[in-house]
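Protein sequences appear in the order of chains B and Y.
In this text, residue positions in the first sequence follow numbering that gives the first Met the number 0: the first is 0, and each later residue adds one.
In this text, residue positions in the second sequence follow numbering that gives the first Met the number 0: the first is 0, and each later residue adds one.
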Amino acid sequence: MAKKAYVYNGSAWEDLASSVSDLSSYATTVDLDDYQLKSVAGLTLVKTQVIGTAVTSVAVSDAFSATYDNYLILVSGGTSSINTTTRFTLGATATGYYWSGAYTSYAGALAGTAGSNTTSFLATSHNANAVSLNVFLSQPNLVKYTLFASEYYGTASGDGTEAIRGFLDDTTSYTAFTLTASSGTYTGGTIYVYGYQK
Amino acid sequence: MATKTVKPNIQIDDLVREMTDAEYADYQALQVEAKASEAEATARVDARTSALAKLSALGLTPQEIEAL
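This is how it looks when you write it as structure tokens:
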């Protein structure tokens, strides 16, 4: 036998069917699904790109669009032929990258590093056991400066870590980016591009 | 006999090919800059480490050095 639902009207319980006769102002299933999607999907996976074999640089196209203003780019799982740094560029732009960071060696020594009007951003370090990246980009697809933030993970015992911040001094609307090994090559691993929900 | 320079491979999405001359020139410029930047960072760390060692040899405690 079906059970009846009741609601409390402030002084007594009454039959839901008689209390709520008009459901037009209530959320539909579609409304609820849409709300749930927006509340859960703060980050949306926009693109994945598997890195090939023995490549010095990897260009990822169609990564940025008007759908999102801000992006997270992660890389994991690959290997490289040498311990060196990963550089980050946008589109075909090879000038105007300004960045700086507070570097701390694994021995505890502090030092600042910087690049003024360089050919790329310093993004991170990589070696045979770690091709990893964690980059935040703000508004690469807008006709404004692109702002860059990266976590530098040194992949040698004599290296260290660094929080790098910077900007690209032009207002081009970008859709693509490139990762480049400053020497040697990458093999394998995956690049993940996420867009932040507006 | 002239020998052809083998350029590194570039990957564009799923396509892997040898760099063009222009791409290779950009890559060489990036390499030069990266080496200079890495050398500069290493020199700064070494200089700071050396300075801290000298201050310590003069009798300054780590707390006193940190307060400078």
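No residue lacks a Cβ here, since even glycine has one placed at the ideal position from N, Cα and C.
Are the CB atoms of B:Ser172 and B:Leu141 within a distance shorter than 8 Å?
Residue mapping note: residue 141 of chain B aligns to position 142 of the first sequence, counting from 1. Residue mapping note: residue 172 of chain B aligns to position 173 of the first sequence, counting from 1. Taking 8 Å as the Cβ cut-off, B:Leu141 and B:Ser172 qualify as a contacting pair.
Beta strand (DSSP E) containing B:Ile81: first to last residue?
Position 82 of the first sequence, counted from the start, is the residue given in the question as residue 81 of chain B. It is not in any beta strand (DSSP E) - B:Ile81 carries neither H nor E in the DSSP assignment.
Leaving out the 5 sequence neighbours to the left and right, which residues in its chain are closer than 6 Å to B:Ser205 when beta-carbon positions are compared?
No answer is possible for residue 205 of chain B: the residues shown for chain B start at 0 and end at 197.
Less than 8 Å between C-beta atoms, sequence neighbours within five positions excluded: which residues of the same chain meet that for B:Asn128?
The residue you call residue 128 of chain B lines up with position 129 of the first sequence. The residues are Thr78 and Thr154.
With respect to the alpha helix (DSSP H) encompassing Y:Asp13, which residues constitute its N-terminal and C-terminal limits?
Position 14 of the second sequence holds residue 13 of chain Y. Unbroken run through Y:Asp13: none, as it is neither H nor E.
Close Cβ partners of B:Ala4 (< 6 Å) along its chain, the five nearest in sequence each way excluded:
For the purposes of this step, residue 4 of chain B is identified with residue 5 of the first sequence, where counting begins at 1. Closer than 6 Å at Cβ, skipping near neighbours: Leu15.
Using DSSP's beta-bridge definition, name the partner residues of B:Gln48.
To locate residue 48 of chain B, count along the first sequence from 1; it is residue 49. B:Ile190, per the DSSP bridge assignment.
Run down chain Y in chain order and give the residues with a C-beta less than 8 Å from the C-beta of B:Arg86.
Taking the first sequence and counting its residues from 1, the one referred to as residue 86 of chain B is at position 87. Simply Leu29 and Ala33.
Please report the distance separating the alpha-carbon of Y:Leu14 from that of B:Val54.
For this step, residue 14 of chain Y is matched to residue 15 along the second sequence. For this step, residue 54 of chain B is matched to residue 55 along the first sequence. So the two alpha carbons sit approximately 11 Å from each other.
For B:Ser99, which residues does DSSP report across the bridge?
Reading the first sequence from its first residue, position 100 is the one you call residue 99 of chain B. DSSP lists B:Ala113 and B:Arg164 as partners of B:Ser99.
Which of the three DSSP states is assigned to B:Ala1 in this structure?
As a position in the first sequence, residue 1 of chain B is number 2, starting the count at 1. Reduced to three states, the DSSP call for B:Ala1 is coil.
Within 8 Å of any Cβ in chain Y, is that where the Cβ of B:Thr195 sits?
Mapped onto the first sequence, residue 195 of chain B falls at position 196. Before going on, a small fix: residue 195 of chain B reads as Tyr here, not Thr. No, B:Tyr195 lies away from the interface with chain Y (no Cβ there is under 8 Å from its Cβ).
Since Y:Ile64 meets chain B, which of its residues come closer than 7 Å, beta carbon to beta carbon?
Position 65 of the second sequence, counted from the first residue, corresponds to residue 64 of chain Y. Simply none; closest approach about 12 Å.
Can you tell me which of the three DSSP states Y:Lys5 falls into?
To locate residue 5 of chain Y, count along the second sequence from 1; it is residue 6. For the record, residue 5 of chain Y in the displayed sequence is Val; it is not Lys. Three-state DSSP puts Y:Val5 in coil, outside helix and strand.
Which class does Y:Ala24 belong to by DSSP, given the choice of helix, strand or coil?
Taking the second sequence and counting its residues from 1, the one referred to as residue 24 of chain Y is at position 25. Note: Y:Ala24 maps to helix in three-state DSSP.
Straight-line CA distance for B:Tyr105 to B:Gly157?
In the first sequence, the residue the question calls residue 105 of chain B occupies position 106. In the first sequence, the residue the question calls residue 157 of chain B occupies position 158. Approximately 7 Å between the Cα atoms of the pair.
Which of helix, strand or coil does DSSP assign to Y:Thr48?
The residue labelled residue 48 of chain Y in the question sits at position 49 within the second sequence. Y:Thr48 falls in the helix class under three-state DSSP.
Quick one: is Y:Pro7 near chain B, going by C-beta distance under 8 Å?
Along the second sequence, one-based indexing puts residue 7 of chain Y at 8. Judged by the 8 Å Cβ criterion, Y:Pro7 is in contact with chain B.
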